[in-house]
Each structure stands twice: as C-alpha cells, then as structure tokens.
Amino acid sequence: MTVKSRQFNHVRHILLAEFDIDRGSSLAHQYPEPTGADENFLAEQMLPDGAHLREEDWTLFFLNCRRPTEHADGSETSPAEGAAKASGNSASEQKPLLYVLNLVRTKHDSQARRGALVKAMAICVSFPAVDIFKAVLLLAMEKYYQSPSVEVLAVLFRTVNSLDLSRMPAFTSPEKSILRSWDIPDLFEEKFIAAAERGMQSRDLSDDSGDVKRSTYIDLAAPVHTSKPAAELPSPLAGARKDRKYFEASLCYDGINIPIRVPLTNYAEEVGDFSLIKLASTFSQGMTPASLSASSSTAYFSPPFHPHLMTSGAYTPPIIVLLNALLTQKRIIFLGHERPAGEVANHVLAACALGSGGGAVLRGFTERAFPYANLAHLDDLLSCPGYIAGVTNPAFKDHAEWWDVLCDVKTGRIIVSSKIAPARKAKSGGKDGERSNIEEGSSRSAMRDPYDVEFMQEVLLAIQAHYSEIAIRTKFHDYVRRFVQLAARYETAVYGQTDIGFSEKNTPDSTDLLGHGMFFADETTQRREIRLNKWRIEGWRRSISYRYYKEDFGKFLRTRTVHTLDVQRQFAKLRSSRPLPTDEIEAILDAMIRSTTNDDQIIEQASLSWFAFIL
Numbered sequence: 003m004t005v006k007s008r009q010f011n012h013v014r015h016i017l018l019a020e021f022d023i024d025r026g027s028s029l030a031h032q033y034p035e036p037t038g039a040d041e042n043f044l045a046e047q048m049l050p051d052g053a054h055l056r057e058e059d060w061t062l063f064f065l066n067c068r069r070p071t072e073h074a075d076g077s078e079t080s081p082a083e084g085a086a087k088a089s090g091n092s093a094s095e096q097k098p099l100l101y102v103l104n105l106v107r108t109k110h111d112s113q114a115r116r117g118a119l120v121k122a123m124a125i126c127v128s129f130p131a132v133d134i135f136k137a138v139l140l141l142a143m144e145k146y147y148q149s150p151s152v153e154v155l156a157v158l159f160r161t162v163n164s165l166d167l168s169r170m171p172a173f174t175s176p177e178k179s180i181l182r183s184w185d186i187p188d189l190f191e192e193k194f195i196a197a198a199e200r201g202m203q204s205r206d207l208s209d210d211s212g213d214v215k216r217s218t219y220i221d222l223a224a225p226v227h228t229s230k231p232a233a234e235l236p237s238p239l240a241g242a243r244k245d246r247k248y249f250e251a252s253l254c255y256d257g258i259n260i261p262i263r264v265p266l267t268n269y270a271e272e273v274g275d276f277s278l279i280k281l282a283s284t285f286s287q288g289m290t291p292a293s294l295s296a297s298s299s300t301a302y303f304s305p306p307f308h309p310h311l312m313t314s315g316a317y318t319p320p321i322i323v324l325l326n327a328l329l330t331q332k333r334i335i336f337l338g339h340e341r342p343a344g345e346v347a348n349h350v351l352a353a354c355a356l357g358s359g360g361g362a363v364l365r366g367f368t369e370r371a372f373p374y375a376n377l378a379h380l381d382d383l384l385s386c387p388g389y390i391a392g393v394t395n396p397a398f399k400d401h402a403e404w405w406d407v408l409c410d411v412k413t414g415r416i417i418v419s420s421k422i423a424p425a426r427k428a429k430s431g432g433k434d435g436e437r438s439n440i441e442e443g444s445s446r447s448a449m450r451d452p453y454d455v456e457f458m459q460e461v462l463l464a465i466q467a468h469y470s471e472i473a474i475r476t477k478f479h480d481y482v483r484r485f486v487q488l489a490a491r492y493e494t495a496v497y498g499q500t501d502i503g504f505s506e507k508n509t510p511d512s513t514d515l516l517g518h519g520m521f522f523a524d525e526t527t528q529r530r531e532i533r534l535n536k537w538r539i540e541g542w543r544r545s546i547s548y549r550y551y552k553e554d555f556g557k558f559l560r561t562r563t564v565h566t567l568d569v570q571r572q573f574a575k576l577r578s579s580r581p582l583p584t585d586e587i588e589a590i591l592d593a594m595i596r597s598t599t600n601d602d603q604i605i606e607q608a609s610l611s612w613f614a615f616i617l
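In my numbering, the protein residues as written are 3 to 617.
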C-alpha cells in the first residue's frame, strides 16, 4: 500500500495581494478557488493603510461573518436571521465562518519603482486558532518573493491541510476551565489516550480504503510538506513533561520542520494571538493601585457622565469604562494613528475577550468585530449595532457621530463621544420609561464602586507581578460572571423573575436553606450593589450578548449534571466571613455530597473557581 498523507480541510483559501503605484491595492491570486468576497474588499483588508512604512505587519479579519443589523425603528436582526434573509436560505446553508490570518511584507528593491515591493499573503482557516500558522506563512511569503508563482500558494495549501488533528481531544467548557486553572501534568490524560486511539482507527480506515489518490495527494516519500501528530510518541506522557493545554504536532515545509501547538482551552470568543495584558496596560498608563483608592483625588473623566459607562463617575477606571461599553453594546473604535494595523487589530480581538469574560461567559462580540477597517468600510460599520473596530486613520476621531467610545492606542486615553445616545432607564415593573438625561449621571461623580476599585487594583498588581495571560483572563472571567449573577438578582428584584439565573422555578430547594442566585453578606450590601450597577445592567439587557446568554443559560439548564443546587451560591456562602447556622452548613454539605455521584458532576463543580479555593 502506498504511504501517503491524509488531507484535511483546515484551510479553505490562500490569497495573495500586491500594491502597485498605478493600480493601487489589487488581489493577484485566490487559491484553489475564489472566496466569493469582493476583490477590492480583500485587497484593502490585506494591504492596510501605511503598510509600506514597515517591513512586516500581521492582521486578522473574518470572511462570511454573519453580522447583526439595525433597522430604522431601532430593532435588531440577529446574525443568523440576517444571513438567512439575505440569501433566502436557512442559516445552516450559509458559507462557513473563516478566520483570515494576513501577513504584509515590504521588501526594499532598488530595481522596483519607489524602491520597494509590497505584498500580502493570507490564509483562510476554519477555526479561530489561526495564529498557529504564522511560521509557515512567513516561509511561504519568503518563497513567493523568491519565485512569484501560484504554485507557492498551492504548496502552502497542501502543507497546512496535511496537519492531522484527528488525535486532538475536545474538551467541554467545565473541562477547559479546570485545565486553565490547575497545572497538573496528567490532567484528563484519559481523553488524550482515547483521542489518540480514535485517530489511529480513523487513519487505518483511511489507509484501507484503497490506493486511489486525491487531487491534493502528497507523497511522504518526497522531502516536503507533511505533518506528524505528537501523539505518535510511544506514550502520551513519554519523555518531557507535557503542557496539556496544547496539542502538539508538526508541519514540514520546504524541508523545514515547524512545531505546531494548538491551544485546547480557548473559547469561541478568543481569536488570534491577542494579549489582554497589553490591552489593560495600554489603557491604564500612569495608573497605580494607590491612585484607585478611595482617598485618591485622581479623576479619569470629566462631566457629563454617561450612566452606562461611568459607574463610578469621574473615578471610573478607563478599563471599566471600556468593559461597560462592551457590555452595553456601544460603538467602539480603537484608533492607532501611525501604529501598525496589527496592533489595533489585536486590541479589537482582546476587547472581544474582555467583554465576553475571558471568552467564557458571554458571546456575540467577535461577530461585531472589525479588527481592521478604513473609511471604505464606514457603511458596514454604521450598519452594525455595537461594532468594535480597529482603525489607523485619524479622520475617525473628528467624527464623534460615528462612534460612542474611542480608545486611542497611541495615547492610552479613552474618550466618550459628545454625541452618544442618552441612556434609557426602566420604571418599576420593567416598562421603558422616558429617556434619562446623561447629566443625571453627574451626581455620581463622587461615588465609587468599591468592587470595581478592588478589582482593578488586583489586576494592576497581578500585571506588575508578571502573572500569566491566562491568569489575567481568568480575573476578567470572574468579573463578568459576577456581573451576570448580579443582573439576575436585579431582574428578580425589579421584574419579579429572571431567565438568566438560578431560581426556585428551575432549581427547587426542598430544604429552604440553600437559596438561589448571588450571595450577599447582608441586605445593605445587596441594595448598594444593585443601585451602583442598575444602569449598566439595564444597558446590557438590551444587547445582543444578553439575548445570547439567555439562550445559553436555558441550554445549560437542560444539559447540566447538577439539577438541585446552585453550586456557586453555596461556595460563596461557605467562604463568606458571615457565620452560618449549623443546619445551613449541614444542608449545603449534604446537597454537595448528593450532587457528586459521578465524574460529570464532579467536573462541573470543580470547574468553579471557588471550588479550587476551598480545596
């Protein structure tokens, strides 16, 4: 039987764009077939403004992204509905979402006009961890400069699609949370072994299917373009200690072996190789834990204060303003004048992870993200509610009507538009009331949310202490999860019910001792928290991410393994400084014991951060 490499479907298209002084940016090649997207759009995305000023730049954008739209009456169409209406087909028949990693290279050449050649090569991949292909894309780009031929794109296409991920285990959300939190070398080792066995069986079936070669056949006898899963080692733990947060494999391109590490614990809202640490540091310049304290007179904003955004008035930390803008679906611009397009793109992707809670709590941010945009994309931006966009053109700053919040990457300042729409509040009973005046938030100028202050102090101290990227994402995960729990408590108090949190209706308590929802040490604390957060909660309740979370929580209730216990509330009570009655402690421990009778229940409970604290 002929030895051959299997072909997978990771990459769908390879694109090549060039800049010409006379014709401008143009798309030279699309391999193996056109994407269906407008060629001018692709060329503009691949060759951002100012690309010729730097030798190398990386950007990321999306193809076939189903974006929400806003109608004249203010109502919104979900991405799935919008895609179906546009095509006349069901959402399931739409083209798959593609993540496009783009490399721009400028090479100085005395023979070229203006002394330089500017080219861009992009790889369109079906999963968000597209940055794992950076090394092979660099090599392919160098090859194309040496020999500009479509065959270079064809070889890259075949090479990447030879990557065998059939032995890569898939983890549930609770399992990902555990892997991110606990550094145990053989954690979930059985999943790696089972996945490796399935991969071997799949390969055997493929090899036994005959010797008919596909059109994309690669002969491993040739010295190029193969992939080898790391799972081919004699034992999944053979040799050096492995990091179980990654699946290790390799590609061979042009005789060069390239190690590939595929992240196993990323969530759908975590796209590309962004840094939440860099985002937080950029927009916390000059800020220290001491400057956030109640005794500090440092003000970060001046009146008027938008109540959705400035939850602590003038003293609201800029990162909290950005987070509030994401939660309440404001139009957000990241401006990086004279900065690489890749830098602003990474800030956009980091903001998506920030708003979603480290990628794990909420969703609906990446579908509204434009990692790089220019004036040619303005209509697309303005038609997308709550867009999150990266730009390098300073003209955007002069048009406050185009955006609600502008984050200046160069200065580290966050600016709220003078033309931002006023907030709307709800009357008791939950019906929309009159529009409030933005100035109504001015009375908050002397108020500080103690939790926000403490949280940002922890984040800054963690960054100064060189905590890992995952550790910082986990902090924002806990923050957003707490906000959602508080929103559920608010809905129960104001509207009499909630569909985004635990209640007697969905989690019956036969003991009358366990309770539901967010735990507070006393009623005074609960009232203060609700009062400080009611504006941004109401803003979030009108957002796309809120609708998605309601859907996701309903799905969680149908698939959860612990049915009679609000686990997070019980952990919060046990770690509270308030003494608990003996019968309540006994009821909690008894309920936990009864809810840990199988592996799935243990994993679900262990995935909660407070469980790790108790252990």
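C-beta: ideal position from N, C-alpha, C; glycine also.
- Taking the CA atoms as reference points, residue 487 sits about 27 Å from residue 69.
- Taking C-beta atoms under 8 Å as the contact rule, residue 519 and residue 490 qualify, at a distance of about 6 Å.
- Around the beta carbon of residue 285, 16 or more other beta carbons lie within 10 angstroms, which makes this residue buried.
- Rounded to whole angstroms, the gap between the alpha carbons of residue 348 and residue 200 is 36 Å.
- Under the DSSP assignment, residue 108 falls outside any alpha helix (DSSP H), being part of the beta strand (DSSP E) whose first and last residues are 100 to 110.
- Checking the DSSP bridge columns, you'll see residue 64 partnered with 101.
- Judged by DSSP secondary structure, residue 354 falls outside any beta strand (DSSP E) and instead within the alpha helix (DSSP H) spanning 343 to 357.
- Per DSSP, residue 259 is not a residue of any alpha helix (DSSP H); the beta strand (DSSP E) it occupies stretches across 258 to 265.
- Less than 8 Å separates the beta-carbon of residue 66 from that of residue 96.
- For residue 345 against residue 411, the beta-carbon gap comes to about 6 Å, under 8 Å, which counts as contact.
- Distances from the CA of residue 556 to each of 605, 587, 500, 510 were compared; the closest alpha carbon is that of 500.
- Inter-segment contact for the region 130 to 147 and the region 157 to 176 is present: three or more beta-carbon pairs are separated by less than 8 Å.
- Excluding sequence positions up to five before and after residue 317, its CB lies within less than 7 Å of the CB of 301, 302, 450, all in the same chain and listed in chain order.
- When the beta-carbon positions are compared, residue 365 and residue 493 stay at least 8 Å from each other.
- With respect to residue 327, residue 407 sits close: the two C-beta atoms are nearer than 8 Å.
- Under DSSP, residue 119 forms a beta bridge with 109.
- If you compare the alpha carbons of 173, 245, 175, 171 with that of residue 187, the shortest gap goes to 245.
- With fewer than 16 other Cβ atoms from the protein chains shown falling within 10 Å of its own Cβ, residue 55 counts as exposed.
- Sorting 71, 264, 581, 545 by C-alpha distance to the C-alpha of residue 136 places 264 at the top.
- Note: residue 16 is bridge-paired with 33, 125 in the DSSP secondary-structure output.
- A straight-line Cα-Cα distance of about 11 Å links residue 456 and residue 481.
- For residue 183, the enclosing alpha helix (DSSP H) stretches over residues 175 to 183.
- Distances from the CA of residue 387 to each of 166, 377, 405 were compared; the closest alpha carbon is that of 405.
- Considering only 602, 579, 572, the residue with the shortest C-alpha distance to residue 588 is 572.
- Annotation for residue 407: no alpha helix (DSSP H) segment contains it, though the beta strand (DSSP E) segment containing it runs 407 to 410.
- Residue pairing by DSSP leaves residue 278 without any beta bridge partner.
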